[in-house]
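In the working numbering, the protein residues as written are 643 to 792.
Every residue gets a Cβ at the ideal spot worked out from N, C-alpha and C, and that includes glycine.
Here the structure is a predicted model, which means the values were calculated and not measured.
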């Protein structure tokens, strides 16, 4: 079931996101960060199992960033990531944002949902504030994508 994350979901989000971060496929997130940004997150839970999570974070007056989109490995390619991304996009529209951005190693997933590759220089500087936590900083190899949603 897709829903907004609650306090009881934080440790499950932390485990899922950091399982990908341990493989250097995603930025790690601390429990503190997750609690502080809990309102940004959507989750899909089934039988008390975290199947997927993802966040919409407002980065500037017209930009929202899709962050920490992760799916339980045994459930990849079953529509879970797509449901979470669609929920983020719906919320972005309701908030009046006109663009969604993301940095990813899986550009094909986002391209399937209407995102296009862009140059790093076209993204607002504010999104780079999280990059300092990345073990690959300053040599980012994630692919930036954007989708106009207005």
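Exercise. With DSSP run on the structure shown, which of helix, strand or coil describes residue 683?
Worked result: strand
Problem set entry | Length of the line joining the Cα atoms of residue 741 and residue 666 | 27 Å
Exercise. Buried or exposed: where does residue 723 fall if 16 or more other Cβ atoms within 10 Å of its Cβ makes it buried?
Worked result: buried
For this session: Using three-state DSSP, classify residue 697 as helix, strand or coil.
Result: strand
Exercise. Where residue 649 and residue 681 are concerned, what is the direct C-alpha to C-alpha distance, given to the nearest angstrom?
Worked result: 10 Å
For this session: Could you tell me if residue 819 is buried or exposed, where buried requires 16 or more neighbouring beta carbons within 10 angstroms of its beta carbon?
Result: This structure gives no information on residue 819, because the portion of the chain shown stretches from 643 to 792.
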